[in-house]
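As they're listed, the protein sequences go chains C and U.
Position 42, counted from 1, in the first sequence is what UniProt numbering calls 42; the numbers after and before it change by one each time, with no gaps.
Position 126, counted from 1, in the second sequence is what UniProt numbering calls 126; the numbers after and before it change by one each time, with no gaps.
Just below is one structure, and these are the notes that go with it.
Protein chains: 2
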Amino acid sequence: MSEPLRADAARNRAAILRATEELLTSSHPRQISMEQVAAAANVGKGTVFHRFGSRDGLLHELMRERARDLEIAITTGPPPLGEGAPPRARLLAFLTAVVEVVARNKGLLAALGTGAPGAGAPKQEPREEHPVYRSWHGHISRLVHERRPDLDADMLAHVFLATVHSEPILNALERGDGDRLDRTLRDLVTGLMPE
Amino acid sequence: MSEPLRADAARNRAAILRATEELLTSSHPRQISMEQVAAAANVGKGTVFHRFGSRDGLLHELMRERARDLEIAITTGPPPLGEGAPPRARLLAFLTAVVEVVARNKGLLAALGTGAPGAGAPKQEPREEHPVYRSWHGHISRLVHERRPDLDADMLAHVFLATVHSEPILNALERGDGDRLDRTLRDLVTGLMPE
DNA sequence: CCGTAAGTTGACTATCGGTCCACTTTACGG
DNA sequence: CCGTAAAGTGGACCGATAGTCAACTTACGG
């Protein structure tokens with residue numbers, strides 16, 4: 001899928017990601033400059049851009065990393081996250097897991113969701129969806145459809161995920177209200193998928 | 001509440017707001033620079049800042065304007081938006097109206113929801129909520145609580161509003177999927193507030 | 001070893017939000 | 001009317017920051 005990196009490149013890549021995580025624990029993504037990241041990783045700014053292309057690319061990649069465990073859990077792990085449990089249980093487990101991942105990553109997802117297209121050219125495309133978002137959306141959508149094929153599973157999945165894009169909710173999570181959100185989502189799902 | 005503006009100031013204020021709306025119809029808020037706004041309104045950049053304080057202030061004020069009609073409708077208008085109808089009907093009518101307002105205003109709300117605190121100082125407060133958001137949140141929260149005092153109305157209201165913060169959903173709205181979203185929200189509310 | 005492709009770097013550019021202050025316009029009391 | 005002070009105006013300027021680039025360094029297969 002991708003050429004292996006040279007030893008120094010791999011080292012720097014890891015250092016940059018680690019430094020970004022580090023900075024992320026103490027600041028909102030919007031306040032972290034690429035220069036800060038480069039400095040914290042002990043590399044030149046150019047290196048950061050060479051590897052990740054852009055600010056969004058870096059955040060994007062970091063998110064990918066953070067989401068990997070969950071991805072594995074739902075595809076090859078045991079129920080209720082993995083296959084085997086009924087859709088409703090899987091959905092509830094998944095939403096709980098997503099809330100947990102997002103809570104641990106503050107505004108990362110939110111920052112990702114907000115990117116402007118490139119140059120000044122009249123590129124007006126809605127911007128490609130983030131792979132992690134796509135994966136999560138597909139999973140929710142599939143589970144909902146399985147149990148309630150009469151609903152608009154696609155839109156419903158977007159609505160559920162919107163939750164973790166919302167700044168007020170992110171703030172609530174930061175205050176430790178993760179379980180409140182969890183219970184609320186549970187109530188919503190239960191309303192839609194009884195039993 | 002506020003001193004009346006001088007004639008020229010009022011004229012320019014209106015021109016700036018109108019120019020911003022104009023630009024907003026053809027671009028995402030993030031790509032509109034204050035310089036563009038100033039140019040489009042035929043005023044100096046300084047004037048824009050003098051009147052609105054900041055980029056956020058301008059967007060903020062514009063949103064306020066856009067939300068005014070809805071505000072009036074729910075406080076003094078006829079049912080089902082205004083008082084008189086049962087909570088469920090009022091909530092459904094309100095959500096439909098919100099979707100409609102947001103659909104007509106693209107990412108305005110989304111752009112508002114995303115602001116970083118000020119200077120470099122370690123000001124880490126969660127940032128004050130937008131008045132329009134607060135008003136909408138309070139309204140939803142009250143209606144939910146009236147019918148289902150057992151639920152976490154506060155969090156639930158955040159979840160409903162998160163919907164209009166989400167970029168994928170905003171894109172869907174732009175594609176004319178407003179009624180799909182509307183139906184989906186209706187399903188969610190119905191699941192929670194049956195009858 | 002050596003050639004070379006990959007990687008590194010920080011000075012440089014472009015852009016943009018926001019500030020500042022000298023200048024202009026308006027409102028209004030006399 | 002007119003003089004004046006308060007309000008408003010505008011654009012040069014500043015600091016920050018995402019992203020570029022061309023010269024330089026390094027890893028590594030043969």
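Quick reminder that beta carbons are idealized off the backbone N, C-alpha and C, glycines included.
For this session: Give the secondary structure of residue 83 (chain C) by DSSP, where H, G and I count as helix, E and B as strand, and everything else as coil.
Result: If DSSP states are grouped into helix, strand and coil, residue 83 (chain C) belongs with the strands.
Problem set entry | Contacting residues, own chain, Cβ-Cβ under 6 Å from residue 98 (chain C) (five flanking each side not counted) | Correct list: empty, nothing qualifies.
For this session: Could you have a look at residue 11 (chain C) and say whether DSSP puts it in helix, strand or coil?
Result: Residue state, collapsed to three classes: helix.
For this session: For residue 165 (chain C), decide whether its Cβ has a neighbour in chain U, counting only Cβ atoms nearer than 9 Å.
Result: For residue 165 (chain C), the answer is yes, since a Cβ of chain U falls inside 9 Å of its Cβ.
For this session: Within its chain, find whatever has a CB closer than 6 Å to the CB of residue 183 (chain C); leave out the 5 residues flanking it on each side and keep chain order.
Result: Cβ within range, chain order: n/a, list empty.
Exercise. How close, in whole Å, do the beta carbons of residue 140 (chain C) and residue 91 (chain C) come, if the pair is a contact with beta carbons under 8 Å?
Worked result: Right, their Cβ atoms sit about 7 Å apart.
For this session: Output yes if chain U places a C-beta closer than 9 Å to the C-beta of residue 155 (chain C); else output no.
Result: Closer than 9 Å to some Cβ of chain U, the Cβ of residue 155 (chain C) qualifies, so yes.
For this session: Would you tell me roughly how many angstroms separate the C-alpha atoms of residue 37 (chain U) and residue 132 (chain U), rounded to the nearest one?
Result: Taking the straight line joining both Cα atoms gives about 23 Å.
Exercise. Touching or not, the region 35-50 of chain U and the region 81-90 of chain U, by the rule of three or more beta carbon pairs under 8 Å?
Worked result: The region 35-50 of chain U is not in contact with the region 81-90 of chain U.
Exercise. Closest by CA to residue 26 (chain C), which one among C:166, C:181, C:106 and C:165?
Worked result: Put simply, of C:166, C:181, C:106 and C:165 the residue whose alpha carbon is nearest the alpha carbon of residue 26 (chain C) is C:106.
Problem set entry | Residue range of the alpha helix (DSSP H) that includes residue 166 (chain C) | Counting along the chain, no alpha helix (DSSP H) covers residue 166 (chain C), and no H or E run does either.
Exercise. Looking at the structure shown, is residue 66 (chain U) part of a helix, part of a strand, or coil, going by DSSP?
Worked result: Helix at residue 66 (chain U).
Exercise. Given residue 13 (chain U), which residues of its chain have a CB within under 7 Å of its CB, disregarding the five upstream and five downstream residues?
Worked result: Apart from the 5 residues on each side of it in sequence, residue 13 (chain U) sits with its Cβ closer than 7 Å to the Cβ of 5 and 51 in its chain, given in chain order.
Exercise. Given that residue 158 (chain C) touches chain U, what residues does it touch there, using C-beta distances under 9 Å?
Worked result: 163, 166, 168, 169, 172, 181 and 184, listed in chain order.
For this session: Please go through the region 14-79 of chain C and give each complete alpha helix (DSSP H) segment of 4 or more residues, from N-terminal end onward.
Result: If only uninterrupted alpha helix (DSSP H) runs of at least 4 residues are considered, those enclosed by the region 14-79 of chain C are 34-40, 45-52 and 55-76.
Exercise. Should residue 29 (chain C) go down as buried or exposed, given a rule of 16 or more other Cβ atoms within 10 Å for buried?
Worked result: Residue 29 (chain C) is buried by the Cβ-count criterion.
Exercise. Skipping 5 residues on each side, what residues in its chain have a beta carbon closer than 8 Å to that of residue 144 (chain C)?
Worked result: These residues qualify, in order along the chain: 87, 91, 151, 153, 156, 157, 192 and 193.
Problem set entry | Rounded separation between residue 138 (chain C) and residue 42 (chain U) - CA only | If you draw a straight line from the Cα of residue 138 (chain C) to the Cα of residue 42 (chain U), it comes to about 47 Å.
Exercise. Sorted by chain position, which residues of the same chain lie with C-beta nearer than 8 Å to residue 23 (chain U)'s C-beta, five sequence neighbours on each side aside?
Worked result: Closer than 8 Å at Cβ, skipping near neighbours: 32, 36, 37 and 40.
Problem set entry | residue 155 (chain U) - containing alpha helix (DSSP H), residue span | Element bounds for residue 155 (chain U): 153-162.
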